[in-house]
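Chains as they are written, first to last, in the working numbering: chain A, 1 to 290; chain B, 1001 to 1298; chain C, 2001 to 2313. Even for Gly, the Cβ is constructed at its ideal location relative to N, Cα and C. Predicted model, so just to flag it, every value in this text is computed and none were measured. Below: one structure, written as structure tokens.
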Amino acid sequence: MLKVPFISSQEEESTVDAVIREAVATELPTDVSVEMPNPAVEVNNFSLWYGDFQAVTEVSIKFPRKKITAVIGPSGCGKSTLLRGINRMNELIGGVRTQGNVLLEGTNVYADAVDPVEVRRRVGMVFQKPNPFPRSIRDNILFGARVNGYQANEDELVEAALRSAALWDEVNHDLKQSGLALSGGQQQRLCIARAIAVSPEVLLMDEPCSALDPVATLKIEDLMRELAKDYTIIIVTHNMQQAARVSDFTAFMLSDDTARGKLIEFGPTTDLFTNPSDERTEAYITGRFG
Amino acid sequence: MAEDTGTLGRSAAVFKASMQWRRLKSHFFVVLGLLSVLLGVVALLVLLVDVIVQGSGWLDWQFFTSFDSRFPARAGIKAALFGTLYMMVFTMLLAVPIGVMTAIYLEEYAGDNWFTQFIQVNIANLAGVPSIVYGLLGLQVFVRIMEMGRSVLAGSCTMALLILPIIIVASREAIRAVPPSMREASFALGASKWETVRHHVLPYALPGMLTGAILAAARAIGETAPLITIGALTFVPFLPEHPLDRFTVLPIQIFNWVSRAQSEFHHLAAAGIIVLLVVLIILNSVAIYLRQRLRTRY
Amino acid sequence: MAEDVSPFSHYPPRNDMSSRASRRFKEEAIRYVLLATATLSIVTTLGILLSLTGETLFFFREVSLVEFLTETEWTPLFAIKKFGIWPLVTATALVAFIALAVAIPTGLLIAIYLSEFASTRVRDVVKPVLEVLAGVPTVVYGYFALTLVTPILQEFIPGMRIFNALSAGIVMGIMIIPMVASLSEDAIGAVPQALREGAYGLGATRFEVALQVVVPAALSGIVASAVLALSRAVGETMIVSIAAGQNPTFTLDPRVPIETMTAYIVQVSLGDTPFASLEYRTIFAVGIMLFFLTFAMNIFAHWFVRRFREEYD
Ligand SMILES: Nc1ncnc2c1ncn2[C@@H]1O[C@H](COP(=O)(O)OP(=O)(O)OP(=O)(O)O)[C@@H](O)[C@H]1O
Ligand SMILES: [Mg+2]
């Protein structure tokens, strides 16, 4: 597990810092501002309980459209819970209660009239461990499309989704082979392709690279930058280099004695990493705790 | 990239599934599932209510203290009760030690080789052999070759073989639940293998083994076919006094009464079923209680 | 002096690290006793095989295998003896078919419902009920079939006799429901949660996740549970002995009395058949068929699960 991998000794700190600064300087667009007039996803005063256990406390955050937002924070601080709160995945667990709301393109996904199934079609999700269905690559892609009543040409959809996930060239010779036969990195890109195939507006990624080797990780990161041209992406990661490399914005969450799962700081990744306004953020990104 | 995603169509226009219809299918399935569950629950309730209605009027003192009779009003389950009791005592005396010892061997002593594998596969297969085939085994081996006759002892030996796989599996699970650290601590103090098993593994695994043994007993008490096959009697106007005496048991008595044409005997059968079910409920309650205590203790 | 005698001085001398012979002997003896008991299970299997084949060989000295497998009449207890096994086989198959037609859909529906749809509260109520249903002795189910189900069927179906395959089959099916439900639920429970989440994350409904993702992924286990249920139905004795009759008729009519293989063994056992008579040997010939049929099904079920199980890492 790459928890906070880049700081283990004094000596390394400076070089890694340099890497981050360089990454931030070279990779990030410079014209972003915190004020997002038209966010794709808006979380307002959102709290979530597992039974009596509160895991997220009054989080408010506006996820910018067609940008990548990284959610970072120590283990157990509620990152996954927040992410799964956006597409109502938490409801699959019994005894979950929420407060506040989540607006997807202005519609509250927790409104009574809204079906979580419809929410999940519009908000794709990629999981920590690649989880392709035990069937062919083609069927993996088409599953979501079929249940959602996709009626156009299936071959075109498969190719488009696989191309978008940068997997087409590696698998197009045999789309009938099992999704489980692919390598871990390929499986994860298949899962991304599968999510894209239902034409979501937002992609949620919960530590999508934590089970992958560095080469596969870089491939996914490139892919994410490419996908950000079309999708709003929210990624949870423990790898701060990754957050710095790929994200436009970063949100830092923390649990402490007063409340669990609070949003501490949110802003453009450059600012947050080079000039954090909260001392706890600074402590975390420099590896002094977490 | 841009034209690739273009074919996907960002709008929901290409997705035409009716949400209502999809939701309806889920609801429909829940109804189907509930109906299936209901079939089981209703069957059980109807069975219990019917048995109680038919049989409870016949449950009197005389029913417990009389032998079977051609006259329904005078018939009772005395011989069957004692037969069941004797048979169960012998069966458990045979099956529990053998089952527990086998489990100890497989869990603590056996190496990981083809022979162990063979024993395990063999036990799994024995668990799937129809009970009446055990009856044929008992008839040929215990009744005929070993000359026990159609006796309590022959029945117990047959029944012991039948429930052995159940006891072995339960005992193995109980032994496997013993933390390895316990064994290591004992070994580190210089205890031998058997001393470790005897003083640390067995006491810890005992409640679990006991639970398994009780459940196996519940299975044996309700078994009918193998005992009919070895020739347990259906009409027994006496109490067995010797392991080699002939006998009957509760389920055979019930079978006998069900098979008669007059409806009075069906009431007797229902009364016998009530007794049998009460015994089973008591046994299972004890097993559940033990299991619960086991859970709270560790 | 008291201080001179340390409690540690009571141990045997330390220069020898090999254990005492008596202790080692005891350990070895115990190992062999335990091994002997473990071997008993193999002896049991051998016993079954030998006792069945022995008498069966004697049987086939007097009756030709051709007659056994081609005749369609089974009358070993009559004056004119015919030894065609088919009436018993078709009867067994008929009852088992009816039982599975009840047990497999119901058991599978229950399993899917409990693991994918039901709340924990419902599950906590239903599971004990199924366990109780599974623990009811078969003789009680026989009573249920004969005295309760058959009269109800007679109300609705013309020509329904007191002893018939339908009533026995339906009740046997109810008896097998818990087994199918619990084995299928095990198979469904082994499907990784991540697979369900993947499907839900794509906007699938519960129904779609259950039927299109979970059930296909658990299919090998579900097939195995069906085969084990069949094996159980074929070997079941008391329900058919009580409710299906003792008339070896070569028919597939579920309304008339028939006789299954197991019921025939019971019928002969109830009479006082002398050892070494031909009648005595018939039950072993029938028994060996029963044994190999169920054995083959059990082996197949276990092999099938192992062969077609999806490997998730
Ligand atoms: N199903 C659940 N039931 C009860 N509590 C849960 C459940 N899932 C998570 N929690 C608790 O909620 C808190 C937040 O969990 P969450 O998984 O969101 O953390 P996280 O920030 O994603 O951690 P990690 O970085 O380790 O993935 C944790 O304390 C966890 O123990
Ligand atoms: Mg997480």
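Asked	Found
Any contact of the region 2032-2048 of chain C with the region 1094-1110 of chain B, i.e. 3+ C-beta pairs under 8 Å?	yes
Under 8 Å Cβ-Cβ, which residues of chain B neighbour ASP115/A?	MET1019, ARG1023
Drop a sphere of 10 angstroms on the beta-carbon of ILE2157/C, count the other beta-carbons inside from all chains shown, and report buried for 16 or more, exposed for fewer.	exposed
Going by beta-carbon coordinates alone, are SER1263/B and THR2205/C separated by less than 8 Å?	no
For LYS176/A, name the three-state secondary structure that DSSP assigns.	coil
Could you check how far apart the C-beta atoms of TYR1086/B and VAL1143/B are, in whole angstroms? I think they sit under 8 Å.	Between VAL1143/B and TYR1086/B the Cβ distance is about 17 Å, and since that is not below 8 Å, they are no contact.
For ASP222/A and PHE63/A, what's the separation of their Cα atoms in angstroms?	21 Å
Any chance the CB of ILE93/A is under 7 Å from a heavy atom of ligand 3?	In the structure shown, ligand 3 is absent; the only ligands present are ligand 1 and ligand 2.
Taking just the CA atoms, how far does ASP115/A sit from GLU13/A?	Below a pLDDT of 50, predicted positions are generally treated as unreliable, and GLU13/A, at 37, falls in that range; the measurement from the model is reported next regardless. One C-alpha to the other measures close to 48 Å.
Under 8 Å, Cβ to Cβ, is there at least one residue of chain B near GLU265/A?	no
Let me check you understand the geometry: is the CB of ALA55/A closer than 7 Å to at least one non-hydrogen atom of ligand 1?	yes
Relative to the C-alpha of PHE273/A, which residue among GLN177/A, PRO132/A, ALA70/A is closest?	ALA70/A
Of the choices PRO268/A, GLY261/A, THR237/A, ASP155/A, whose alpha-carbon is the least far from that of ASN45/A?	GLY261/A
Under 8 Å between the Cβ atoms of LEU2069/C and ILE2085/C?	yes
Would you kindly report the start and end of the unbroken beta strand (DSSP E) that includes GLU2027/C?	Here GLU2027/C belongs to no beta strand (DSSP E); instead the alpha helix (DSSP H) covers 2021-2062.
I want to verify the contact list: residues of chain B whose CB lies under 7 Å from the CB of VAL2213/C, in sequence order.	Under the 7 Å cutoff, chain B gives no residues; its nearest Cβ is about 14 Å from VAL2213/C.
Could you tell me the boundaries of the beta strand (DSSP E) in which ASP206/A lies?	202-206
Would you check if there are 3 or more beta carbon pairs closer than 8 Å linking the region 2106-2122 of chain C to the region 2180-2188 of chain C?	yes
Going by CA-CA distance only, name the one from ALA2243/C, ALA2036/C, ALA2210/C, ALA2029/C that's closest to GLU2259/C.	ALA2243/C
Starting from LEU254/A and walking both ways along the beta strand (DSSP E), at which residues does that stretch end?	249-254
Answer with buried or exposed for ASN172/A, where buried requires no fewer than 16 other C-beta atoms within 10 angstroms of its C-beta.	exposed
Taking the continuous alpha helix (DSSP H) assigned at PHE273/A, which residues delimit it?	269-274
Looking at GLY179/A and ALA211/A, is the spacing between their C-beta atoms short of 8 Å?	no
Taking contact to mean at least 3 C-beta pairs separated by less than 8 Å, is the region 1264-1281 of chain B in contact with the region 2130-2137 of chain C?	yes
For the region 78-93 of chain A against the region 272-286 of chain A, do three or more pairs of beta-carbon atoms, one drawn from each stretch, fall closer than 8 Å, so that the two count as touching?	no
State the Cα-Cα distance for the pair ASP155/A and GLU201/A, rounded to the nearest angstrom.	22 Å
List the residues that DSSP assigns as beta-bridge partners of ALA1151/B.	Here residue 1151/B turns out to be Ser, not Ala, going by the sequence shown. Bridge partners of SER1151/B: ARG1246/B.
Could you check whether the region 1194-1209 of chain B touches the region 1239-1255 of chain B, counting it as contact only if at least three pairs of C-beta atoms, one from each stretch, sit closer than 8 Å?	no
Within 8 Å, do at least three Cβ pairs link the region 2265-2275 of chain C to the region 1154-1166 of chain B?	no
Skipping 5 residues on each side, what residues in its chain have a beta carbon closer than 7 Å to that of GLU265/A?	PHE252, LEU272, PRO276, SER277, ASP278, THR281
Specify whether the region 2023-2039 of chain C and the region 1107-1121 of chain B touch according to this definition: at least 3 beta carbon pairs, one from each stretch, less than 8 Å apart.	yes
Using a Cβ-Cβ cutoff of less than 6 Å, which residues in the same chain neighbour ASN148/A once the five nearest sequence positions on both sides are dropped?	ARG121, VAL198
Roughly how many whole angstroms lie between the Cα atoms of ARG2020/C and LYS2026/C?	10 Å
Between which two residues does the alpha helix (DSSP H) carrying LYS1193/B extend?	1193-1196
Using alpha carbons as the reference points, say which of GLY106/A, ILE235/A, ARG138/A lies closest to ILE72/A.	ILE235/A
Hey, MET125/A and LEU227/A are a contact pair by Cβ (cut 8 Å); roughly how many whole angstroms apart?	Actually they are not in contact, since the Cβ atoms of MET125/A and LEU227/A sit about 14 Å apart, beyond 8 Å.
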